[in-house]
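Each remark here refers to the structure printed beneath this line.
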Ligand SMILES: O=C(O)CCC(=O)C(=O)O
Ligand SMILES: [Fe+2]
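Residue numbers (my numbering): 2 to 267.
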């Protein structure tokens, strides 16, 4: 289903042999996605229509400076179709080497990001959820959509450098091109990243959010982080239900229980 163009491991990007917080060895993969053109076209035209009406007034206090439409799959049924497409999920899980599932908190499960010329599209950040798929729906201008910029080091080091220097060393940022027809699967929770400023064009990107089915607790979306974007009543019930689900999963896997055999310490 996917034709991989480029693929890098997390450890190759960060320089760390092991990352206990990672869900997969994958840093990112870029591929030709072959998703149905008419489906993506309908998502794009709905997104443009909604953007005009919905969020212009709220964009002043954007978290991460991002201009985006949240819970896109609720507003646009075609997003939901793509999000739950089992062939897609299988192909992405194969790329990641772990089973991926759609993110369960509706407000944070899919977005459509809008990048305009001359604006910083999104501040440096790590994602809340473990994995995202970035699918450019439309690009224009000389940079043809530009790129996602990824700090090539541990995300904690990148944050420290940002604090000290106010910027990341340009030579250490990987550029992942964002082109229509291609998509990027990225372990954005363990990579500090942002997006290139577009001088003269636009990019509209569909973001489909996922997590590891086996390790759903590897998740940076605390309730506090969700509340930066959403009112409590919009996330509370699903968040609580998911915490209960995770607790049951942990118990089943014995993750929090004491070892069955007492250790014989020397
Ligand atoms: O579109 C991009 O280049 C990056 C988007 C991103 O990092 C995000 O939506 O979390
Ligand atoms: Fe991100």
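Just so it is clear, CB atoms sit at the ideal spot from N, CA and C, and this is done for glycine as well.
Keep in mind it's a predicted model, so treat the numbers as computed, not measured.
| request: Pull up the CB-CB distance for residue 83 and residue 209, whole angstroms please, since I reckon it's below 8 Å. | output: For the purposes of this step, residue 83 is taken as residue 82 along the chain shown, with counting starting at 1. For the purposes of this step, residue 209 is taken as residue 208 along the chain shown, with counting starting at 1. 7 Å between Cβ atoms; contact.
| query | Can we count residue 140 as close to ligand 1, meaning its CB is less than 7 Å from some heavy atom? | reply | By one-based count along the chain shown, residue 140 stands at place 139. Annotation for residue 140 indicates a beta carbon at 7 Å or more from all heavy atoms of ligand 1.
| Any non-hydrogen atom of ligand 1 within 7 Å of residue 196 CB | As a position in the chain shown, residue 196 is number 195, starting the count at 1. In this structure, residue 196 has its beta carbon less than 7 Å from a heavy atom of ligand 1.
| field | Range covered by the beta strand (DSSP E) that runs through residue 162 | value | Indexing the chain shown from 1 puts residue 162 at position 161. In this chain, residue 162 is not harboured by any beta strand (DSSP E); it is covered by the alpha helix (DSSP H) spanning 156-166.
| Could you give the C-beta distance for residue 173 and residue 104, rounded to a whole number, given that I count them as a contact under 8 Å? | On the chain shown, position 172 is the one that residue 173 refers to. On the chain shown, position 103 is the one that residue 104 refers to. Contact annotation, residue 173 with residue 104: C-beta distance approximately 29 Å; criterion of less than 8 Å not satisfied.
| What is the DSSP secondary structure of residue 152, counted as helix, strand or coil? | Position 151 of the chain shown, counting from 1, holds the residue named residue 152. Three-state result, residue 152: strand.
| request: Give the DSSP-derived three-state secondary structure of residue 6 in the structure shown. | output: As a working note, residue 6 is residue 5 in the chain shown. Residue state, collapsed to three classes: strand.
| query | residue 169 and residue 182 look like a contact to me (Cβ under 8 Å); what is the Cβ gap, rounded to whole Å? | reply | For the purposes of this step, residue 169 is taken as the residue at position 168 of the chain shown. For the purposes of this step, residue 182 is taken as the residue at position 181 of the chain shown. Here residue 169 is actually not in contact with residue 182; their C-beta atoms are around 29 Å apart, not less than 8 Å.
| task | In the DSSP assignment, find the unbroken beta strand (DSSP E) run with residue 137 in it and report its ends. | result | Taking the chain shown and counting its residues from 1, the one referred to as residue 137 is at position 136. For residue 137, the uninterrupted beta strand (DSSP E) run begins and ends at 132-140, by DSSP.
| Would you say residue 28 touches ligand 2, meaning its beta carbon is less than 7 Å from a heavy atom? | For the purposes of this step, residue 28 is identified with residue 27 of the chain shown, where counting begins at 1. At a cut-off of 7 Å, the beta-carbon of residue 28 does not count as near ligand 2: no heavy atom of the ligand is closer than that.
| request: Say yes only if the C-beta of residue 54 is nearer than 7 Å to one or more non-hydrogen atoms of ligand 2, and no if none qualify. | output: Numbered from its first residue, the chain shown carries residue 54 at position 53. Not under cutoff, so the answer is no.
| request: Ignore the nearest five residues each way along the sequence and tell me which others in residue 50's own chain have a CB closer than 7 Å to its CB. | output: To locate residue 50, count along the chain shown from 1; it is residue 49. The answer is none, since no qualifying residue turns up.
| task | Can you say whether residue 57 is buried or exposed, counting buried as having 16 or more other CB atoms within 10 angstroms of its CB? | result | Your numbering for residue 57 matches position 56 in the chain shown. Residue confidence for residue 57 is low, a pLDDT of 48 falling below 50, so the modelled location carries little weight; the figure read from the coordinates is stated next. So residue 57 ends up on the exposed side.
| query | So, residue 69 versus residue 136, is the Cβ gap smaller than 8 Å? | reply | The residue labelled residue 69 in the question sits at position 68 within the chain shown. The residue labelled residue 136 in the question sits at position 135 within the chain shown. Not a contact, by the Cβ cut-off of 8 Å.
| If you run the structure through DSSP and keep just helix, strand and coil, what is residue 25? | Numbered from its first residue, the chain shown carries residue 25 at position 24. For residue 25, the secondary structure class from DSSP, reduced to helix, strand or coil, is coil.
| request: Would you mind stating whether residue 29 and residue 188 have Cβ atoms separated by less than 8 Å? | output: Against the chain shown, residue 29 aligns to sequence position 28. Against the chain shown, residue 188 aligns to sequence position 187. Taking 8 Å as the Cβ cut-off, residue 29 and residue 188 qualify as a contacting pair.
| With respect to 7 Å, is the separation between the Cβ of residue 159 and the closest non-hydrogen atom of ligand 2 below this value? | What you label residue 159 is simply residue 158 of the chain shown in a count that begins at 1. Because no heavy atom of ligand 2 lies under 7 Å away, the Cβ of residue 159 does not count as near it: no.
| request: With DSSP collapsed to three states, give me the class of residue 101. | output: In the chain shown, residue 101 corresponds to position 100, counting from 1. Strand.
| residue 147 and residue 196: beta carbons closer than 8 Å? | Numbered from its first residue, the chain shown carries residue 147 at position 146. Numbered from its first residue, the chain shown carries residue 196 at position 195. Between residue 147 and residue 196, the CB-CB gap stays under 8 Å.
| query | Would the stretch 2-10 and the stretch 84-94 be scored as touching if the rule is three or more Cβ pairs under 8 Å? | reply | Yes: at least three Cβ pairs fall under 8 Å.
| For residue 180, does the three-state DSSP call read helix, strand or coil? | Translated into the one-based positions of the chain shown, residue 180 becomes position 179. In the three-state scheme derived from DSSP, where H, G and I count as helix and E and B as strand, residue 180 is classed as coil.
| task | Check whether the Cβ of residue 151 lies closer than 7 Å to any heavy atom of ligand 1, and answer yes or no. | result | Position 150 of the chain shown, counted from the first residue, corresponds to residue 151. False, no ligand heavy atom lies under 7 Å from that Cβ.
| query | Quick one: what's residue 208 bridged to in DSSP? | reply | If you number the chain shown from 1, residue 208 lands on position 207. Answer is 112, 135, bridged to residue 208.
| Does the distance from the CB of residue 18 to the CB of residue 191 come in under 8 Å? | Residue 18 sits at position 17 when you count from the first residue of the chain shown. Residue 191 sits at position 190 when you count from the first residue of the chain shown. The Cβ atoms of residue 18 and residue 191 do not sit closer than 8 Å to each other.
| Per-residue DSSP class, three states only, for residue 237 | Looking up residue 237 in the chain shown gives position 236. It is helical.
| Which residues in the same chain as residue 72 place their Cβ atom closer than 6 Å to its Cβ, once the five residues preceding and following it in sequence are excluded? | The residue you call residue 72 lines up with position 71 of the chain shown. Once the five neighbours on either side are set aside, the close Cβ partners of residue 72 are 107, 108.
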